[in-house]
Amino acid sequence: MSEDFYEISLGNFDTETRRRSNLDPVLFWDEQAKKLSWFNQWTKTLEWNSPFAKWFIGGKINASYNTLDVHQTTRAKKPAILWEGEDGTNRTITYADLYRDVCKFANVLKSLGVKKGDRVTIYLPMVPELPVAMLACARIGAIHTVVFSGFSATSLRDRIDDSKSKVIVTADVGYRRGNSVNLKEIIDDAINELNFVEHVVVLKRTEVSLLLGTKDKLWHELMRDSSEECEPEQLESTHPLFILYTSGTTGKPKGVLHGTGGYLTHLNSTFQWAFDIKDSDIFFCTADIGWVTGHSYVVYGPLLHGATEIMYEGVPDYPSMSRIWDIIQRYGVTIFYTTPTALRMFMKFGDSIPNSFKLSSLRLLGTVGEPINPEVWRWYFKTIGKSKCPIVDTWWQTETGGMMLSPLPGLETIPLKPGSATRPIPGTDITVVDEQGNELPSNTKGYLVIRKPWPGMLLTLWGDDEKYKNVYWSKFENNYYSGDYAIKDSDGYFWLLGRADDILKVAGHRIGTAELENSLVSHGDIAEAAVCGIPDEIKGEVIVAFVVLKQNAKKIGSILRTELIETIRNGIGPIATPQQIYFVTKLPKTRSGKIMRRVLKAIASNEKIGDVSTLEDGSAVKDVQDAFTELERTVRENKS
Ligand code: WTA
1 MSEDFYEISL GNFDTETRRR SNLDPVLFWD EQAKKLSWFN QWTKTLEWNS
51 PFAKWFIGGK INASYNTLDV HQTTRAKKPA ILWEGEDGTN RTITYADLYR
101 DVCKFANVLK SLGVKKGDRV TIYLPMVPEL PVAMLACARI GAIHTVVFSG
151 FSATSLRDRI DDSKSKVIVT ADVGYRRGNS VNLKEIIDDA INELNFVEHV
201 VVLKRTEVSL LLGTKDKLWH ELMRDSSEEC EPEQLESTHP LFILYTSGTT
251 GKPKGVLHGT GGYLTHLNST FQWAFDIKDS DIFFCTADIG WVTGHSYVVY
301 GPLLHGATEI MYEGVPDYPS MSRIWDIIQR YGVTIFYTTP TALRMFMKFG
351 DSIPNSFKLS SLRLLGTVGE PINPEVWRWY FKTIGKSKCP IVDTWWQTET
401 GGMMLSPLPG LETIPLKPGS ATRPIPGTDI TVVDEQGNEL PSNTKGYLVI
451 RKPWPGMLLT LWGDDEKYKN VYWSKFENNY YSGDYAIKDS DGYFWLLGRA
501 DDILKVAGHR IGTAELENSL VSHGDIAEAA VCGIPDEIKG EVIVAFVVLK
551 QNAKKIGSIL RTELIETIRN GIGPIATPQQ IYFVTKLPKT RSGKIMRRVL
601 KAIASNEKIG DVSTLEDGSA VKDVQDAFTE LERTVRENKS
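According to full-length UniProt numbering, the stretch in the sequence shown is residues 1 to 640, in order.
Structure representation (structure tokens):
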């Protein structure tokens with residue numbers, strides 16, 4: 001843990017908010033919820049039927065009303081989204097534009113038969129039509145389920161099938177690193193056998209003509225004839241707003257289900273507290289809307305506050321390492337929120353690139369998604385923030401809906417310690433416990449748990465209450481299990497130490513080992529597979545796979561390796577590409593047959609293996625070790 005600390009004040013010294021949150025958290029959230037616009041007041045703030053929470057029961061609300069209608073008198077001409085395409089094209093979308101398009105698309109959805117509670121899968125790249133489609137769903141009470149446009153047809157099919165969406169929204173193409181990806185083709189492949197899908201709305205981004213099937217409709221044609229008037233549905237506070245699929249420890253992705261009133265309350269407050277948002281700010285979050293950070297802090301958080309934000313279609317290092325700094329300079333970005341992976345990459349390329357841009361508009365910086373190394377934190381602070389911007393290291397999860405641990409310069413001034421997400425947000429109860437669930441003394445590594453319900457928490461897993469209970473509430477009685485290791489230091493600051501379960505964080509993306517292993521064994525030559533993450537200087541973690549071939553395997557060596565990589569790219573998506581694949585004759589397992597990933601990880605990272613007394617067959621370790629040594633030698637020889 002680093003010893004240095006930094007104190008940067010933005011002039012906010014509100015001790016009252018924390019004091020009130022400590023006195024009575026439920027009453028505190030009641031007060032926070034009143035900052036939103038409700039059609040009618042709730043009768044009960046929280047019903048906690050552990051582990052199911054219902055916030056603001058009886059209250060009626062609409063997410064699109066709170067992000068759009070409320071701004072029409074004061075901010076209609078204010079830009080909501082300053083969009084920049086990967087190719088440098090720009091679009092400015094004002095609050096009036098967004099409101100009009102959302103109403104029109106809400107009417108389109110209605111005309112396609114979408115009703116309150118129906119699911120709509122959105123598979124779009126980072127274009128303004130993506131938030132338009134989400135908010136249109138919210139307007140009529142349909143549940144949006146956005147799938148990251150880097151996912152392949154198989155992952156997409158699983159998600160559409162689980163949610164039973166009858167309408168899909170997509171585009172002809174998306175652009176990634178200069179290549180165009182034919183999204184429509186991927187959708188066609190994914191829904192091939194899904195008869196419940198009734199319509200596919202296609203946004204055309206190119207002039208290339210499209211062969212339209214019977215289910216296909218074109219976005220611009222539907223929008224042309226659609227009315228601009230659409231009354232927002234008055235929805236129960238607990239009405240589901242969206243499903244977002246995320247990797248879990250089993251092969252099947254989990255549909256994390258979020259409600260409306262609680263989720264919006266959580267975002268409205270955390271967005272203000274963490275980012276100190278002002279009407280004059282230009283906010284820039286680099287997350288893709290396909291992940292939770294994009295849902296919460298590109299779509300709902302900034303728009304609730306009537307903020308102006310940048311939406312960039314591409315990845316941070318394309319077309320060059322200077323793209324992000326160039327955007328910050330050109331638009332005068334004041335608040336910048338990104339990932340440790342992006343920062344590690346920028347840092348590696350040296351100070352001269354960011355130093356050649358004018359970054360003086362920046363006044364606040366943030367990170368999310370993975371632990372940030374103290375040296376990277378200091379670099380961010382000095383080189384990007386010029387030692388004048390606080391950094392908010394925000395810890396949270398798809399399941400928590402919004403930030404849970406973070407410095408809150410919009411509220412209070414506290415010393416920042418590089419590498420620590422500091423303290424819980426007001427109105428939450430978070431601590432570190434041992435295997436038995438006992439609270440640990442300071443400076444002791446344990447599991448991060450949440451002891452009281454919070455407004456942004458997931459309602460359940462879509463269609464699977466039992467799994468919801470098992471995954472999050474069975475390890476510790478009445479405590480939410482986050483799956484993360486952490487330490488709380490003697491000042492009450494939290495230090496996140498990575499996942500305690502079988503989930504990997506590769507460049508901030510959440511990928512389950514089981515999903516990867518299922519994909520590998522779907523190849524006809526593979527009998528068994530095990531994957532683990534090993535530390536990587538830039539991406540935090542990279543994927544390493546160990547596979548056992550079937551006896552009658554037809555292919556071997558580099559040909560098979562290439563095929564397996566293709567299998568994963570087609571089965572999950574390019575983000576899940578393993579960095580290395582090792583062929584072994586057996587995998588290290590416990591006596592009960594569980595693969596010991598710890599052993600694989602230790603070998604692949606060249607660390608000491610530790611206690612292997614529970615191993616089924618000690619020779620498996622040697623096998624893995626031999627395969628690894630062999631491969632390392634081959635790689636070395638190929639390089640020299
Ligand atoms: C990790 C992303 C350390 C953590 C918002 C968590 C972090 C998982 C941080 C959730 C942080 C997120 N410091 N680790 N500031 N933020 N994580 O669902 O392991 O994609 O459990 O949500 O990311 O990933 P998810």
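No residue lacks a Cβ here, since even glycine has one placed at the ideal position from N, Cα and C.
Residue burial classification, THR484 (beta-carbon count within 10 angstroms, cutoff 16): Residue 484 is actually Asp in this sequence, not Thr. Counting Cβ neighbours within 10 Å, ASP484 comes out buried, since at least 16 surround it.
Inter-residue Cα distance where the pair is GLU221 and SER163: 27 Å
Residues that DSSP places opposite SER180 in a beta bridge: TYR175
Residue 641 CB to nearest heavy atom of ligand 1 below 8 Å: Lying before the first or after the last residue shown, residue 641 is absent from the chain, which here runs from 1 to 640.
Near ligand 1: THR367 beta-carbon under 8 Å from a heavy atom: yes
Identified DSSP bridge partners for ILE511: LEU504
DSSP three-state assignment for ASN40, whether helix, strand or coil: strand
Where residue 641 falls: helix, strand or coil (DSSP): Because residue 641 is not part of the residues shown, which for the chain are 1 to 640, the question remains open.
GLN397 beta carbon near ligand 1 (any heavy atom closer than 8 Å): yes
Expected contact under 8 Å - CB spacing of ARG119 and THR154 to nearest Å: Not really, about 19 Å apart at Cβ, beyond 8 Å.
Cβ contact check for the segment 130-147 and the segment 95-112: 3 or more pairs under 8 Å: yes
Sub-9 Å separation of ILE534 and ALA604 beta-carbons: yes
Helix, strand or coil at PHE476 [DSSP, three-state]: coil
Cβ distance (whole Å) where TYR245 is taken to contact ARG159 below 8 Å: 5 Å
Pair within 9 Å by beta-carbon distance, TRP291 and THR170: no
Own chain residues within Cβ distance below 7 Å of TYR331, not counting five before or after: LEU82, ILE282 and ILE310
Distance between beta carbons of GLY410 and VAL279, contact taken as under 8 Å: Residue identity check: residue 279 is Asp in the sequence provided, not Val. Their Cβ separation, rounded to whole angstroms, is 13 Å, which puts ASP279 and GLY410 out of contact at 8 Å.
Near ligand 1: LEU267 beta-carbon under 8 Å from a heavy atom: In this structure, ligand 1 has no non-hydrogen atom nearer than 8 Å to the beta-carbon of LEU267.
Beta strand (DSSP E) segment containing MET311, residue limits: Per DSSP, MET311 belongs to the beta strand (DSSP E) from 308-312.
Run of the beta strand (DSSP E) containing residue 683, from where it starts to where it stops: Outside the displayed range of the chain (1 to 640) lies residue 683, so it cannot be described from this structure.
Candidates LEU68, VAL376 and LEU112, of which the one nearest TYR95 by Cα: Among LEU68, VAL376 and LEU112, the Cα nearest to that of TYR95 is on LEU68.
Selected residue, minimal CA-CA separation from THR339, among GLU616, TRP273, TRP396 and LEU359: TRP396
Paired residues, beta bridge with THR246 - DSSP: LYS254
In chain order, each beta strand (DSSP E) run of at least 3 residues that lies wholly inside the segment 252-299: 254-258 and 282-285
Beta-ladder partner(s) of THR367, from DSSP: THR338 and ASP393
Boundaries (first-last residue) of the beta strand (DSSP E) holding ASP216: From DSSP, the beta strand (DSSP E) with ASP216 extends over 216-218.
Cβ neighbours of ASP491 in the same chain (closer than 7 Å, five flanking residues each side left out): none
Residue burial classification, VAL299 (beta-carbon count within 10 angstroms, cutoff 16): buried
Simplified DSSP state of LYS469, which is helix, strand or coil: In this structure, LYS469 counts as helix in the three-state DSSP scheme.
ILE526 beta carbon less than 9 Å from that of LYS505: No. Outside cutoff.
Local conformation of ARG330 per DSSP, three classes: helix
Beta bridge counterpart(s) of ASN49 as assigned by DSSP: PHE52
CA-to-CA distance, PHE494 to LEU416, given in whole angstroms: Roughly 11 Å separates the two Cα atoms.
Cα-Cα separation between THR413 and LEU461, rounded to whole angstroms: 37 Å
Beta carbon of SER420 nearer than 9 Å to that of ASP465: Between SER420 and ASP465, the CB-CB gap reaches or exceeds 9 Å.
Bounding residues of the beta strand (DSSP E) (the contiguous stretch that carries GLN580): 580-584
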